[in-house]
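Taking it in order: structure first as structure tokens, then the write-up.
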Amino acid sequence: MSLLIRPARIFCAEESAPPTTLVNGFLTAGEKGLLVATKKSAKTIFCLQLAISLAAAIPFAKQWTIPTARRVLYIVAENPEYELRERIKRLVRGVGLAEVPELFDRSYSPVLAHNKRGDHDIELKQYVAPHDPAIINN
Numbered sequence: 399m400s401l402l403i404r405p406a407r408i409f410c411a412e413e414s415a416p417p418t419t420l421v422n423g424f425l426t427a428g429e430k431g432l433l434v435a436t437k438k439s440a441k442t443i444f445c446l447q448l449a450i451s452l453a454a455a456i457p458f459a460k461q462w463t464i465p466t467a468r469r470v471l472y473i474v475a476e477n478p479e480y481e482l483r484e485r486i487k488r489l490v491r492g493v494g495l496a497e498v499p500e501l502f503d504r505s506y507s508p509v510l511a512h513n514k515r516g517d518h519d520i521e522l523k524q525y526v527a528p529h530d531p532a533i534i535n536n
């Protein structure tokens, strides 16, 4: 990776399209992020609620609106399947939906869960590619 230095006046004179909004005021397409917190701090619940909201185009955490439903792939590398299934059903009921949104896909990857080599990014791209290549960012 190289460092690109450009005068600010040239940078500001360029035109670019605004990013696609996924969650108003919170998340746009192409952003990368990392959710880090201590054990048992509701990281899974947060991510599941976000996935359900995106798939159903319902407000996330009753605060952030979602303009368009999006296909979501929630990859799980921990949590027993029964526990995850029950959490998803409770969260879906909790937001007032009758069923899990059609655009919400769930997958378990024991390969990712037990990867000790540290090359998760490469392996994740290979794992996700058959689902929808358009969601993979380099």
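Residue numbers (our numbering): 399 to 536.
By construction, the Cβ of each residue, glycine as well, lies at the ideal position given by its N, Cα and C atoms.
Note that the structure is a prediction, hence the values are computed from the model and not measured.
Supposed contact pair residue j and residue i - C-beta distance, whole angstroms, cut 8 Å
i: A427; j: P416; result: Actually they are not in contact, since the Cβ atoms of A427 and P416 sit about 10 Å apart, beyond 8 Å.
Own chain residues within Cβ distance below 8 Å of residue i, not counting five before or after
i: R407; result: none
i: N535; result: Note that N535 scores 45 on pLDDT, short of 50, meaning its location in the model is unreliable; the coordinates nonetheless yield the value given after this. G428 and K430, listed in sequence order.
i: V493; result: Q447, I450, S451, A454 and I456
Top-ranked residue by Cα proximity to residue i, from the options
i: S451; options: L402, L489, S505 and I403; result: L489
i: E468; options: R483, A454 and V434; result: The sequence given here has Arg at residue 468, not Glu. Among R483, A454 and V434, the Cα nearest to that of R468 is on A454.
i: R483; options: V493, V470 and V498; result: V498
i: R491; options: K430, L446 and S439; result: L446
i: N422; options: K441, W462, R485 and P405; result: W462
i: L420; options: L401, P405 and T466; result: T466
i: E500; options: V470, E479 and Y480; result: V470
i: L425; options: E479, I464 and S414; result: I464
Beta-carbon proximity list for residue i, same chain, < 7 Å, skipping 5 on both sides
i: L448; result: F458
i: P531; result: Annotation note: pLDDT 45 at P531 (below 50); position unreliable, coordinate value reported separately. Closer than 7 Å at the Cβ level, and outside the excluded window around P531, lies no residue.
Counted within 10 angstroms of its Cβ, other Cβ atoms place residue i as buried (16 or more) or exposed
i: V434; result: exposed
i: I443; result: exposed
i: I403; result: exposed
Quiz item: Does the segment 495–505 touch the segment 473–482, meaning 3 or more C-beta pairs lie closer than 8 Å?
Solution: Output reads yes: the segment 495–505 touches the segment 473–482.
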